[in-house]
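S.K.: In this text, residue positions in the sequence shown follow this note's numbering: the first is 19, and each later residue adds one.
Submitted below is the structure of interest, expressed as structure tokens.
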Amino acid sequence: MPLILIVDDAQFTRRVICKSLQKQGYITREASNGREAIGLLDEEVPDCILLDLLMPEFDGWDVLTFLKENNYQIPVIVITADIQETSRQHCFELGAKAVINKPPKPDELNNALKKILGCTEENAR
Numbered sequence: 019m020p021l022i023l024i025v026d027d028a029q030f031t032r033r034v035i036c037k038s039l040q041k042q043g044y045i046t047r048e049a050s051n052g053r054e055a056i057g058l059l060d061e062e063v064p065d066c067i068l069l070d071l072l073m074p075e076f077d078g079w080d081v082l083t084f085l086k087e088n089n090y091q092i093p094v095i096v097i098t099a100d101i102q103e104t105s106r107q108h109c110f111e112l113g114a115k116a117v118i119n120k121p122p123k124p125d126e127l128n129n130a131l132k133k134i135l136g137c138t139e140e141n142a143r
């Protein structure tokens, strides 16, 4: 099963996404900020990262930059309330594979994960 790292400073958001993904058969890990997420990469490299942009300490922009500068090939889906086109474009320039509005719709998130991970519905469960 694919391992998904959910990085968001809002505990409620992380829990809702975790429960939804676990029902789909994904394994999930959580981080409350970018620094914690980077630390978790030393323990276990996820198949995909779901990343909020605005967080204290080490935000989503910092994480995207770190991943790019250190040549990590982990697909990232940015989940953000920032709907400005310039912000979205910058996410893609830093290597994000998708940008989804917050709060994410379960179908939209699941479809993005399947597309990015190359999953069919059968092997995502």
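The beta carbon of each residue, even a glycine, is placed where N, CA and C say it ideally should be.
(1) What first and last residue would you give for the beta strand (DSSP E) that runs through E62?
(2) According to DSSP, is E75 part of a helix, a strand, or is it coil?
(3) Less than 8 Å between the CB atoms is what I'm expecting for L71 and T98, so what's the real figure, rounded?
(4) Between which two residues does the beta strand (DSSP E) holding A116 run?
(5) Using 8 Å as the Cβ pair cut-off and three pairs as the minimum, do the region 63-77 and the region 86-95 touch?
(6) For L112, which beta-bridge partners are listed by DSSP?
(7) Taking DSSP's pairing of strands, which residues face T31 in a bridge?
(8) Between the alpha carbons of K47 and C109, how many angstroms are there, rounded?
M.R.: Concretely, from the data shown:
(1) E62 -> no beta strand (DSSP E), and no H or E assigned at all.
(2) coil
(3) 5 Å
(4) 116-119
(5) yes
(6) The partner list for L112 (beta bridge, DSSP) is empty, contrary to what the question assumes.
(7) Partner(s): none; T31 has no beta bridge.
(8) What sits at residue 47 in the sequence shown is Arg, not Lys. Rounded to whole angstroms, R47 to C109 spans 22 Å at the Cα level.
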